[in-house]
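Here the structure is laid out as structure tokens; the discussion comes afterwards.
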Amino acid sequence: MSPVRSCSRTACRQPAVFTLTYVYADSTAVLGPLATYVEPHCYDLCAEHAERLTAPRGWEVVRLPSESVAPSGDDLEALANAVREAARPAPAAGEPVGQAVEVGRRGHLRVLKSAQPNRER
Numbered sequence: 210m211s212p213v214r215s216c217s218r219t220a221c222r223q224p225a226v227f228t229l230t231y232v233y234a235d236s237t238a239v240l241g242p243l244a245t246y247v248e249p250h251c252y253d254l255c256a257e258h259a260e261r262l263t264a265p266r267g268w269e270v271v272r273l274p275s276e277s278v279a280p281s282g283d284d285l286e287a288l289a290n291a292v293r294e295a296a297r298p299a300p301a302a303g304e305p306v307g308q309a310v311e312v313g314r315r316g317h318l319r320v321l322k323s324a325q326p327n328r329e330r
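Counted from 1, the sequence shown has number 294 at position 85 by this note's numbering; the numbering is strictly sequential.
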């Protein structure tokens, strides 16, 4: 299987750059940027077929802007910072949360017994 998706039109081997989907309830064909994943009932189209696309009589074609602009350095730096932040381990609290009493230990494992709740009335 090729990592580059090709146009859905018969006998066209050009790489797909747009995804076409239909909204039957609104009689609308939506042509937008190539979807991240292959979706059922969607059609991947090359630039030539996307440009020549027409809809049936009574239907409207909505052409969403393509996202062909490369991300800026600031965008990439923000993404890298977000990934670093997500990868940082959470600060260790030291003790487990909850009401339990340690009754035994074997290596790194602990046996805990639920503490008796205080029932003051």
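Just so you know, even glycine gets a beta-carbon here, dropped at the ideal spot from N, CA and C.
So, with DSSP's three-state summary, where would you put alanine 256? helix
For the beta strand (DSSP E) that contains tyrosine 233, what are its first and last residues? Element bounds for tyrosine 233: n/a, residue is neither H nor E.
Three-way DSSP call (helix, strand, coil) for alanine 244 in this model: coil
Which of helix, strand or coil DSSP assigns to arginine 314: strand
Which whole-angstrom value describes the C-beta separation of alanine 264 and alanine 238, a residue pair presumed to lie in contact below a C-beta threshold of 8 angstroms? 5 angstroms
Threonine 228, buried or exposed, once every other Cβ within 10 Å from all chains shown has been counted against 16: buried
Return yes when the Cβ of valine 226 is within less than 7 angstroms of the Cβ of leucine 240, no when it is not. no
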